[in-house]
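Taking it in order: structure first as C-alpha cells, then the write-up.
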Amino acid sequence: MILATGLLSGCGKDQTLMSDAELGLNTQQSRGRHVYKIYCLSCHPAYSSRGNKGPGLKNLYKKEYLPSGLTATDEHVVQSIVHGRGMMPRFGDQLDQQDLTDLIAYLHTL
Ligand code: HEC
C-alpha cells in the first residue's frame, strides 16, 4: 500500500523526493505540486515546518492558524498568493484560476 505508507511514514522517507504516485496525489494535486515547484518551493519547504525565506508549509491546513495568525482558510491562503504578504511577492499576474485551484488542492495534502 504505497498510499498509506506515504501518508503515515512522515519522518521516514523524504517526501520531497517521492513521486506524485507515492504521495498518493490525484491529477489535480499533482498539477498543483508542479505549480508549487515552479513558484513556491524556493521559499517554502513543502514537507517541513522549518522555513526557508518564508515559513515551511507542512500541515498548513491541519493547524487552526496560518503563520500570520489568520485562520487557515482557502480564502486567506489565496489572498496571500494573489496579493502577496510582507516579504512574499504577489502571484496574481502569474497564476490563472486553474493554477490557483490546483495549487490549493495540493496545499491541502501537506
Ligand atoms: C520570495 C519568497 C517567496 C515565494 C516565492 C513565495 N512565498 Fe509565500 N511567503 C513568503 C514570506 C516571506 C512569507 C511570510 C509573510 C509574512 O507574514 O510577512 C510567506 C507567507 C506565505 C504563507 C502564509 C500566509 C499567512 O497568512 O501566514 C503562505 C500560505 C504562502 N506564503 C504560500 C505561498 C505559495 C503557495 C507560494 C507560491 C505561489 C509562495 N508562498 C511563494 C515568501 C515567499
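In the working numbering, the protein residues as written are -19 to 90.
Even glycine gets a Cβ: it sits at the ideal position worked out from N, Cα and C.
{"Asked": "Gly12, buried or exposed, once every other Cβ within 10 Å from all chains shown has been counted against 16", "Found": "buried"}
{"Asked": "Which residues DSSP lists as bridging Met68, in chain order", "Found": "Arg65"}
{"Asked": "Cβ contact check for the segment 32 to 45 and the segment 81 to 89: 3 or more pairs under 8 Å", "Found": "yes"}
{"Asked": "Exposure of Leu(-3), with buried meaning 16 or more beta-carbon neighbours within 10 Å", "Found": "exposed"}
{"Asked": "Residue interval of the alpha helix (DSSP H) (run including Leu3)", "Found": "Asp0 to Leu3"}
{"Asked": "Any non-hydrogen atom of the ligand HEC closer than 7 Å to Arg65 Cβ", "Found": "yes"}
{"Asked": "Buried versus exposed call for Val62 [16 or more other C-beta atoms within 10 Å across all chains shown]", "Found": "exposed"}
{"Asked": "Whether Glu44 touches Thr51 by CB criterion (8 Å)", "Found": "yes"}
{"Asked": "Closer than 7 Å: Tyr41 CB and nearest the ligand HEC heavy atom", "Found": "no"}
{"Asked": "Simplified DSSP state of Tyr19, which is helix, strand or coil", "Found": "helix"}
{"Asked": "Distance cut-off 7 Å: Ser60 Cβ against heavy atoms of the ligand HEC", "Found": "yes"}
{"Asked": "Nearest-angstrom Cα separation, counted from Thr7 out to Cys20", "Found": "19 Å"}
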